[in-house]
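Student: Here it is, the structure, as C-alpha cells.
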Amino acid sequence: MWLWITWAVLGSLLFFSQVDAQNCRKVKANVQGVTKQDIQISSTPVTVLMANTTRCAAIIYNNSANDIRCSDVTNDGPPTASSGFVVGGFKWLGMDLEGQGQWQCIRAGANDSIVSIVEALP
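Using the working numbering, read the sequence shown as starting at 54 and increasing by one per residue.
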C-alpha cells in the first residue's frame, strides 16, 4: 500500500513539474549586467535580479573563488557582509518561484566576486 501511495505522489509531482516546465521556455542571462555581461559584486549590495512575478526559476552562480551573500530584498532586505545566504566560491543558488523577488548580492570578504545569472521565463 505504501509503495502505491509513494508512486502516486511521485507521479503527481512529475506531472505538475512537467506542466510548469512547458510554460517556462525562455532563458535570459545576466539581464542586470552591463551589456549582459557577468555582474561584479563588491562592498555594496548589487541588484542581480529585478522583481519579476512571471519568473519561473533563477540561478545565481558565484563565478569566482570569493564568497558572496545574497538575499531577497523584497522579503529580507539587502544583504550585508555578514547577513544573507552565503554562496561559496564556484557554487550556485537555485530558486524556483522564490526567485521572483528582487535579489541583491554583496561580497562576504575582502575581495570582489563575479556572478552569472540565468532566469527562466514563460
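All C-beta atoms in this analysis are idealised placements derived from N, C-alpha and C, irrespective of residue type, glycine included.
Fair warning: this is a prediction, and the values are worked out from it, not measured in the lab.
Please classify residue 115 as buried or exposed, where buried requires at least 16 neighbouring CB atoms within 10 angstroms.
Tutor: Start at 1 with the first residue of the sequence shown, and residue 115 comes out as number 62. Residue 115 is buried by the Cβ-count criterion.
Student: Bridge partners of residue 157, per DSSP?
Tutor: Within the sequence shown, numbered from 1, the residue matching residue 157 stands at position 104. The partner list for residue 157 (beta bridge, DSSP) reads 100 and 124.
Student: For residue 166, I'd like the list of residues in its chain whose CB is within less than 7 Å of its CB, leaving aside the five on either flank, ordered along the chain.
Tutor: Along the sequence shown, one-based indexing puts residue 166 at 113. Taken in chain order, the residues that qualify are 94, 115, 117, 119, 121 and 160.
Student: Taking only runs of the beta strand (DSSP E) that begin and end inside the segment 125-150, which ones reach a length of at least 3 residues, in chain order?
Tutor: DSSP runs (the beta strand (DSSP E)) wholly in the segment 125-150: 138-140 and 145-148.
Student: Based on Cα-Cα distance, which residue from 84, 108 and 92 lies nearest to residue 76?
Tutor: Position 23 of the sequence shown, counted from the start, is the residue given in the question as residue 76. Nearest of 84, 108 and 92 to residue 76, Cα basis: 108.
Student: Can you find the residues in the same chain that come closer than 6 Å, C-beta to C-beta, to residue 112, ignoring five residues on each side of it along the sequence?
Tutor: The residue labelled residue 112 in the question sits at position 59 within the sequence shown. Excluding residues within five positions, the ones whose Cβ falls inside 6 Å are 145, 147 and 171.
Student: Check each candidate in 134, 142, 110 and 143 and name the one with the smallest Cα separation from residue 162.
Tutor: Here residue 162 is taken as the residue at index 109 of the sequence shown, counted from 1. If we check each option's Cα against that of residue 162, 134 comes out closest.
Student: Please name the residue, chosen from 80, 91, 153 and 99, that lies closest to residue 168 on a Cα-to-Cα basis.
Tutor: Working through the sequence shown from its first residue, we reach residue 168 at position 115. Measuring from the Cα of residue 168, the nearest candidate turns out to be 91.
Student: Determine the DSSP secondary structure at residue 84, reduced to helix, strand or coil.
Tutor: Along the sequence shown, read from residue 1 onward, the residue named residue 84 stands at position 31. Residue state, collapsed to three classes: coil.
Student: I think residue 154 touches residue 125, with their Cβ atoms under 8 Å apart; what is that distance to the nearest whole Å?
Tutor: In the sequence shown, residue 154 corresponds to position 101, counting from 1. In the sequence shown, residue 125 corresponds to position 72, counting from 1. Indeed, because the Cβ distance is near 4 Å, the residues count as touching under 8 Å.
Student: With which residues is residue 166 paired in a DSSP beta bridge?
Tutor: For the purposes of this step, residue 166 is identified with residue 113 of the sequence shown, where counting begins at 1. In the DSSP output, where bridge partners are listed per residue, residue 166 has 94.
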